[in-house]
Ligand SMILES: [Zn+2]
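In our numbering, the protein residues as written are -17 to 682.
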């Protein structure tokens, strides 16, 4: 159950968005792993600036993305088991292949393992045991379905729902319940009740009327019916039930906020006491629900979307209990299909991966199992990863660069001609309060109460969910753990958390080709410097700027400064609204605004930090000879661009256009260059060329 943070965590790459869209344990697999694949004992080295990834025939002033990434796109077709392929996903797969070897060894060894190693080893071993999983068929569903069968009237719903929420940690069952920091007081953790209940990736999936969306809904309906058939219902019954589920989800979709609205923290902040909570949903006994969750004493709740809960209560009241049972059976089956026999797994894959994302082939088993260990025991696995792959020197170098980027932001704020001294002062206070978290947590998570048994894959998944649900709920009323991370160390991504007011860079993202100690400074400051700047700028994007130095949702802007800010942000909105994602679908630039602002701010800060580094080391400031035929300035920009090289499937792009707050890679590069005079100078671009914008945008 991780409902609360979804609106506020701002990460660099789209991977996180995909992970939250896919609420089930893993993209499915039943095809046997390719026999030639083996774990890696060390990381393959990919240089931080790779000239073979460029397309030197392209004109950098016409299409810089093609110039910097053309070779990469040509040399890296999307593997059959992926929805998209990027520099980030390729590195993530290298990390996985490395972790595979560690896990394989730990799964076979019986002796000499510490408690954490036992857990990740046995978890991985059970996950890999396809024969045992096949033999159990649909058995793991039975206890859940028995629970659901005890649902005789709406009176039983709170109890049953609480048990399912604990055991599945899934927002897809009507709503989500968890914990998060109070928007008004970041030192307090309170209970959060959030909208949920959907099977498709977004509320718009239910509401859009174009042909493609209709086609996907028809296929979704067929998939739900197929799942019921697999569960033993007759085809007629199955179709009727699928239609019921669809009707209920559509009703919930209509009552849900759009993703653009959800970027406004005020729209998600409705603090209520137990009485007001109860008043929202007459007929649903919150006492009974909370008691079953072990949270009977809670007094304060944030209901992220009150209108949703009102609609939910109305729906429960008007639909018969049989429909509710049907809905719950579907969502339990959807959630657990990847942990069941291959017929379920395959059916799940066919819709959620193939139809929705265009993925052609199941991932090999090992990959799915590494992903699951990372998801459920990520810090135990991360400990193994960090010990082998992240040196103290790397940590020190990353921290050095982070401080330089922060100093650059200090100067940048000082230099703004549109911001008043008072607002500048508070911006500086916020900047100074940001905590840098590099590599991995200081204190590792204790998985002590999570029992992992050899040979019991479905049981391990469930116990992992319960462990996580309880861990989240246990935070309520306790002091905030400022050392906690929301990403695991091997993750190839980074994030800013506005309530913690911290920037977080997992060890997985601080490796070649993203951060390459063997490379010259220019591409490193372009690439990793740009990433650090990106996360830092999130503290001051259209969403982040609404939180103060303490992480509280509190307006610290004068009216005039806020207006100046919004004018500058509107320039970005207009610019990105012109870009196409796929076919005739354009970027929803109000959804991507925060990321687009962070991208531009990040590049500017990376540039400034690089200038400082050169100035501090006179020998580096020499007009360096060309390297690979590129000047240092050119290497900075090519280095930046090469984090974003990617290939995408059209199906996946359609989902991303709806759900992903990040723009496609091409515009995360070209959309910035048109606004950077330093770029235009480095490549001697002329006014009127596509990479030169007449009216430049700049926020930070
Ligand atoms: Zn971001």
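We put the CB at the ideal spot given by N, CA and C, even for glycine.
Enclosing beta strand (DSSP E) for residue i [first to last residue]
| i | result |
| --- | --- |
| residue 479 | 477 to 479 |
| residue 282 | 282 to 285 |
| residue 630 | 628 to 630 |
| residue 418 | 417 to 421 |
Distance cut-off 8 Å: residue i Cβ against heavy atoms of ligand 1
| i | result |
| --- | --- |
| residue 516 | yes |
| residue 330 | no |
| residue 478 | yes |
| residue 404 | no |
| residue 577 | yes |
| residue 580 | yes |
| residue 644 | yes |
| residue 313 | no |
| residue 147 | no |
| residue 269 | no |
| residue 252 | no |
| residue 520 | yes |
First through last residue of the alpha helix (DSSP H) which encompasses residue i
| i | result |
| --- | --- |
| residue 71 | 69 to 90 |
| residue 335 | No alpha helix (DSSP H) contains residue 335, which DSSP labels as neither H nor E. |
| residue 261 | 256 to 262 |
| residue 554 | 541 to 559 |
| residue 129 | 124 to 131 |
| residue 377 | 374 to 397 |
| residue 368 | 347 to 371 |
| residue 562 | Element bounds for residue 562: not the alpha helix (DSSP H) but the beta strand (DSSP E), 562 to 564. |
| residue 296 | 288 to 300 |
| residue 306 | 303 to 318 |
| residue 684 | Not covered by the structure: residue 684. The range shown for the chain is -17 to 682. |
| residue 586 | 575 to 598 |
| residue 614 | 614 to 623 |
| residue 442 | 439 to 456 |
| residue 106 | 97 to 110 |
| residue 659 | 659 to 664 |
| residue 654 | 647 to 655 |
| residue 428 | Neither: residue 428 is in no alpha helix (DSSP H) and is coded neither H nor E. |
| residue 271 | 268 to 275 |
Same chain, Cβ closer than 6 Å to residue i, neighbours up to 5 away in sequence not counted
| i | result |
| --- | --- |
| residue 227 | 206, 309, 312 |
| residue 512 | 584, 585, 588, 622 |
| residue 649 | 561 |
| residue 553 | 679 |
| residue 126 | 314 |
| residue 520 | -8, 478, 526, 580 |
| residue 74 | 474 |
| residue 647 | 626, 628 |
Residues of its chain near residue i, where Cβ-Cβ distance is below 7 Å and the 5 sequence neighbours each way are ignored
| i | result |
| --- | --- |
| residue 469 | 475, 477, 486, 488 |
| residue 441 | 435 |
| residue 8 | With a pLDDT of only 37 at residue 8, under 50, the local geometry of the prediction cannot be trusted, and the value read off the model is given with reservation. Correct list, in chain order: 320, 350, 353, 354. |
| residue 267 | 140 |
| residue 677 | none |
| residue 438 | 108 |
| residue 424 | 465 |
Cβ neighbours of residue i in the same chain (closer than 8 Å, five flanking residues each side left out)
| i | result |
| --- | --- |
| residue 116 | 323, 324 |
| residue 631 | 60, 65, 66, 339, 340, 341 |
| residue 166 | 251, 253, 534, 535, 536 |
| residue 62 | 341, 342, 343 |
| residue 277 | 173, 455, 458 |
In chain order, each alpha helix (DSSP H) run of at least 4 residues that lies wholly inside the stretch 468 to 536:
503 to 520
What alpha helix (DSSP H) runs, 4 residues minimum, are completely inside the stretch 163 to 232?
186 to 189, 193 to 212
Which ranges would you report for the beta strand (DSSP E) in the stretch 16 to 76 if only whole runs of at least 3 residues count?
66 to 68
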